[in-house]
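Student: So for the sequence shown, the numbering used here puts the first residue at 1; every next one is plus one.
All C-beta atoms in this analysis are idealised placements derived from N, C-alpha and C, irrespective of residue type, glycine included.
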Amino acid sequence: MKNNVKRSCSILSLLILIVITTVKCKKDAEEVVPVVDEPKPTAGFDYTVASPTKFLEYQFTGTSTNYKTLLWQFGDDSTSVLVNPKHVYRFPGKYKVTLTTRNGQGYSASKEVLLNIVDPNFDPTKIGENYMQTVGGIFSVNIDANAGPNSAEGSKKLVDGDITTKFLQAGFDGTQRCTFELATPQVVGAYTLTSGNDWEDRDPRYWILQGSIDGIQYTDLHTVTSCPWANAGERRVTKRYYFDNFVAYKFYRLYIKANRGSRVFQLSEWTINKKQP
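(1) Exposed or buried, N84, counting other C-beta atoms within 10 Å across all chains shown (16 or more means buried)?
(2) Classify T134: buried if its beta carbon has 16 or more other beta carbons within 10 angstroms, exposed otherwise.
(3) Buried or exposed: E278, going by 16 or more other Cβ atoms within 10 Å of its Cβ?
(4) If the criterion is Cβ atoms closer than 8 Å, does the pair G62 and L115 meet it?
(5) Three or more C-beta pairs closer than 8 Å, one from the segment 254 to 274 and one from the segment 154 to 170: is that the case here?
(6) Rounding to the nearest angstrom, what Cα-Cα distance links E153 and V118 in this structure?
(7) So, for V247: in the same chain, excluding its five sequence neighbours on each side, which residues have a beta-carbon less than 6 Å away from its beta-carbon?
(8) Where does S78 fall in DSSP's three states?
(9) Measure from the alpha carbon of K94 to the alpha carbon of each residue in S110, F74, T101, K111, then state which is nearest.
(10) Going by CA-CA distance only, name the one from K239, Q59, L82 that's closest to Y191.
(11) Per the DSSP calculation, D46 is bridged to which residue(s)?
(12) Could you pull out every unbroken alpha helix (DSSP H) segment of at least 4 residues lying fully inside the segment 87 to 175, listed in chain order?
(13) I'd like to know if the segment 227 to 238 and the segment 201 to 211 are in contact, where contact means that at least 3 CB-CB pairs between them fall below 8 Å.
(14) Determine which residues share a DSSP beta bridge with R177 and list them.
(15) Does DSSP put F269 in a helix, in a strand, or in coil?
(16) When we look at the beta-carbon of P284 and count the other beta-carbons within 10 Å, is it buried (16 or more) or exposed?
(17) Say yes only if the C-beta of G148 is nearer than 7 Å to one or more non-hydrogen atoms of the ligand FMN, and no if none qualify.
(18) Which residue's Cα is closest to the Cα of Y47: E112, Y107, D77, V33?
(19) So is V88 buried or exposed if we call it buried at 16+ other beta carbons inside 10 Å?
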């Protein structure tokens with residue numbers, strides 16, 4: 001009897017060992033799966049411009065291969081995951097376009113192109129007030145020279161296109177406002193200021209360029225809080241400023257809030273520009 005029990009236990013142990021060995025071998029066989037490398041991705045694209053009148057509109061056509069995901073970066077903080085995206089830039093300028101592709105195993109490829117977008121309709125010789133004369137305009141100030149706007153240093157000298165003349169206002173108190181009223185509303189995106197010919201403490205130091213539709217409510221478009229001209233030597237020097245603006249205002253105002261400390265204010269020239277000069 002004891003021998004039969006002992007024999008049965010031995011047989012059972014052998015069967016258990018066979019089962020365990022078989023399962024383990026089967027599991028090991030299932031885990032050995034050869035890895036097949038996917039083809040490496042490529043990144044490529046072409047582009048076209050819509051037309052001379054729509055020079056900011058670009059059509060991109062992808063020519064990439066062997067990818068599962070892609071990402072376009074247009075150089076102006078905009079992106080796309082489309083294969084053939086269309087993108088409209090807001091301003092002329094230089095933009096680096098990057099296309100990055102990636103396959104299922106994490107391999108990636110990229111292509112970069114530097115776009116230099118130029119307005120073919122813009123004449124760079126026409127800037128400032130002369131450029132805005134195509135739509136007309138009226139210039140005025142809230143405080144003028146003692147001898148009047150047409151005097152030797154009156155306010156009209158600020159917009160006469162001559163940097164050798166200047167507007168000088170004695171008794172400056174931080175409320176000087178110079179205003180263009182255009183015949184028709186225009187989108188302005190840049191302006192210039194030219195320093196006067198004498199004492200630096202008369203130069204503007206803190207000003208705001210503002211826009212208005214009705215001449216009553218004004219919106220701040222660009223603010224400068226430090227004098228851009230050197231303490232000495234930069235006389236009759238023009239500084240150019242650019243800002244984002246998509247609204248066609250009829251009124252543009254230069255609000256001079258402070259100069260370098262003098263009770264006299266001077267400025268040779270102020271121009272406003274439809275586009276970046």
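Tutor: Reading it off the structure:
(1) exposed
(2) With a pLDDT of 49 at T134, under the threshold of 50, the modelled position of this residue cannot be trusted; read the value that follows with caution. Taking all protein chains shown into account, T134 has fewer than 16 neighbouring C-beta atoms within 10 Å of its C-beta and is therefore exposed.
(3) With the chain represented from 1 up to 277, any question about residue 278 goes unanswered, as that position is not in the structure.
(4) No, Cβ-Cβ distance for G62 and L115 is not below 8 Å.
(5) yes
(6) 38 Å
(7) none
(8) coil
(9) F74
(10) K239
(11) T61
(12) 128 to 132
(13) yes
(14) Y255
(15) The sequence as given places Glu at residue 269; Phe does not occur at that position. E269: strand per DSSP, three-state reduction.
(16) Past the boundaries of the shown model lies residue 284; the chain is included only from 1 to 277, so the question cannot be answered.
(17) As for the ligand FMN, it is missing from this structure, which has no ligand bound.
(18) E112
(19) exposed
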